[in-house]
Every structure is written in structure tokens, then in C-alpha cells.
Amino acid sequence: MDRKEYKIKLISKEFLNSDTCYLGFLCPDIASKAYPGQFVNISAGTVFLKRPFGIASVDKENGIFYIGVKVVGKGTSEISSFEPGLMVDCLGPLGKGFDFEGYDTIILTGGGTGVFPINFAYETLISQGKNVIVCEGFRNASQVILNKPSYILTTDCGDCGIKGTVIAGIDTIDISEPSKTLICCVGPIPMMKAVASWASDKNMSCLVSMEQRMACGAGICLCCTVKVKDDGPDGFKNVRCCKEGPVFDSREVVW
Ligand SMILES: Cc1cc2nc3c(=O)[nH]c(=O)nc-3n(C[C@H](O)[C@H](O)[C@H](O)COP(=O)(O)OP(=O)(O)OC[C@H]3O[C@@H](n4cnc5c(N)ncnc54)[C@H](O)[C@@H]3O)c2cc1C
Ligand code: FES
């Protein structure tokens, strides 16, 4: 059984902006096993059911993994109020992450909290000496987090970076060999759909990370289904985002 529950210590916490914090947890097992695109399911204090978060970074040497949490409701509000030293129940690493094999260039695109898993993917690929281009999109300058000067930056209102969505950003990339270039995208559904369509127009492979509502996070409750194409009479089948995903080939997803 690959489902493993840990009691882990929160060891660091910083706020990246008014509603988003970055938390570091001590758990050598998760830090050493995790790969980009995987997530953890973390207990949210007094709130029923754990909440899923993409792994944002790992420090294998010190056995620490990081997540970013944007407050959107009760669970994320409780988690953001956790203080270092607290012991927290956690399942992970969960799900299937990004498969980068066979590509010379990887384009990573993230929007909103999607920049957290993108950060882990970037760190991993750079440590492997891969050719990586990152494009991140935010609503406005106050929402910009974890951005690096080498990244292509877009904002909807144009108060920093290129004005527009991430499509305006990735449009500036010169794609010389589409068959050897992979684009990975984590963000809101309309953004992933638009990036998938952009990649399809260029005959490029595209991986998207679906963020369905989840409960068990481990393939048991069936509450996180994603529709993927299928040869059967319906033309689609339901698969579990937490188990078969959260990363899917964009051409398989029934948007
Ligand atoms: C695989 C995966 C990775 C994720 N990674 C991150 C991450 O790195 N950082 C981060 O901040 N959040 C991430 N999320 C989303 C996060 O899990 C939810 O924001 C959180 O569960 C909300 O809990 P809550 O109790 O605060 O809000 P709730 O009270 O449960 O909901 C508040 C509002 O948020 C909406 N909402 C809740 N969950 C989701 C969801 N999964 N997708 C879209 N809308 C949702 C609800 O519809 C509602 O409008 C991820 C989700 C998944 C499935
Ligand atoms: S969250 Fe329970 S099956 Fe996916």
C-alpha cells in the first residue's frame, strides 16, 4: 500500500502576501520520495477532512518539504494559523506527477497557487541541467509570488510584466522543435484549457494538473473524478484525480 500517514512537525512559516503563506514541514520520507506534481493531504486543525496541496519544494538534505497555502475557506484559514512546532497529520506524497522524459525543453506555466508545484518542477529540472522556461501569470502585482527574474511574467491588468494571460507570455517563446518540447501547466481550469489548446495548435505535448475537490486523497472515496477520453460507448470514463492524476495529458482530458 503506497498510502502513508505521518505526524509531521511544522518548522517554518512565512507570509508571501496578504493571504498566502509558505510552510515548511519536517518529514524526511516525504522530502526524499516526492517528485514534481505530487501533493500532500494535510489535516486542517478542527476542520473535517484533510486538504490537498501541491509540493512546492523539497530540501532532501534536511528532510524538509514545503507547501504554499492560499486562504480561501475554513481549512486553509486554520492551516495558515498553524505556528511552527505544531504536529500535523499528513498523507503523502500522493498522486502521479509530471513525466518529463524524452523532451529537450520543458516550458512550465503556472497561475495563482499553481506556481507552487511549478516551483518544485523548476528546482528539480534545473538540478538535472535541463533546459527550462517558466511563464507565470497573476491577476496583478500584489498577487505575484515565488517569481524569479528569469521567468516570463504576465498580469491580467498589466501593472507588472506582460499585460494579459499566460498565453501572451508563452506566445513570446520561440518553439524551434515542438516535438521535443513539453509544456506543463498548473492553474485554474480556463487557464489550463487555453494552454492545452495553444499546445495542440503547435503540435506540442501538454501536461495539466487538475485540482478537483478531494476528500480521502488516496483513491478510496471517488469524490475527485476527472473525465478522460475513452473508446467505449460514452466516449469518456471517470478516473480519480488523486490516484490516476493529478497530472494528465491535456489531450486525454474531457474539458
Ligand atoms: C492536487 C491539488 C493541489 C492543490 N495545491 C494547492 C496549493 O499548492 N496551494 C493552495 O493554496 N491550494 C491548493 N489546492 C487547493 C486547496 O486544496 C483548496 O484551496 C483547499 O482544499 C480549500 O479548503 P478550504 O477548507 O479552505 O476551503 P473550502 O471551504 O473547502 O472551499 C472554499 C472555496 O474554495 C473552493 N475550492 C476548494 N477546493 C478547491 C479546489 N480543489 N479547486 C477549486 N476550488 C476549490 C470551493 O469551491 C469554495 O468556493 C490544491 C488542490 C488539489 C486538488
Ligand atoms: S479524493 Fe478520494 S478518491 Fe480521490
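Taking the numbering used here, I'd label the letters of the sequence shown as residues -4 to 250. Each residue gets a CB set at the ideal place from its N, CA and C atoms; glycine is no exception. Just so we're clear, the structure is a prediction, and the values are computed from it rather than from any experiment.
When you compare each of the options to residue i by their alpha carbons, which one comes out closest?
| i | options | result |
| --- | --- | --- |
| E9 | V64, M187, D94 | V64 |
| E0 | T167, M82, P183 | M82 |
| G132 | I121, T108, K125 | T108 |
| G87 | C219, G212, V110, P185 | G212 |
| S171 | M199, K91, V53 | M199 |
| V221 | F43, D99, S245 | S245 |
| T251 | S72, I168, V67 | This structure cannot speak to residue 251, because the chain is shown only from -4 to 250. |
| C152 | F43, S192, A136, C180 | A136 |
| L177 | F34, A116, G70 | A116 |
| R46 | C179, N233, R208 | R208 |
| E247 | L217, S195, A210 | S195 |
| V203 | I215, A210, V181 | V181 |
| I50 | K175, D154, D84, I62 | I62 |
| C219 | G230, F231, E239, C201 | E239 |
Write down the C-beta distance between residue i and residue j rounded to the nearest angstrom, noting that I regard them as a contact closer than 8 Å.
| i | j | result |
| --- | --- | --- |
| L120 | V127 | 5 Å |
| I6 | G19 | 5 Å |
| V161 | V190 | 7 Å |
| C237 | G90 | 6 Å |
| V242 | G32 | 4 Å |
| T149 | G156 | 5 Å |
| L21 | K4 | 5 Å |
query: So does the stretch 5 to 25 actually touch the stretch 134 to 141, counting three or more Cβ pairs closer than 8 Å?
result: yes
message: When you compare the stretch 13 to 27 with the stretch 53 to 63, are there three or more beta-carbon pairs, one atom per stretch, that lie closer than 8 Å?
response: yes
message: Residues around ligand 2, please: the ones whose beta-carbon is closer than 7 Å to some heavy atom of it, in chain order.
response: M209, A210, C211, G212, A213, G214, I215, C216, L217, C218, C219, R235, C236, C237, K238
field: Segments assigned beta strand (DSSP E), at least 3 residues, entirely inside the stretch 132 to 214
entry: 147 to 150, 176 to 181, 200 to 204
query: Would the stretch 223 to 233 and the stretch 91 to 109 be scored as touching if the rule is three or more Cβ pairs under 8 Å?
result: no
field: alpha helix (DSSP H) segments (min. 4 residues) lying fully within the stretch 33 to 102
entry: 69 to 75
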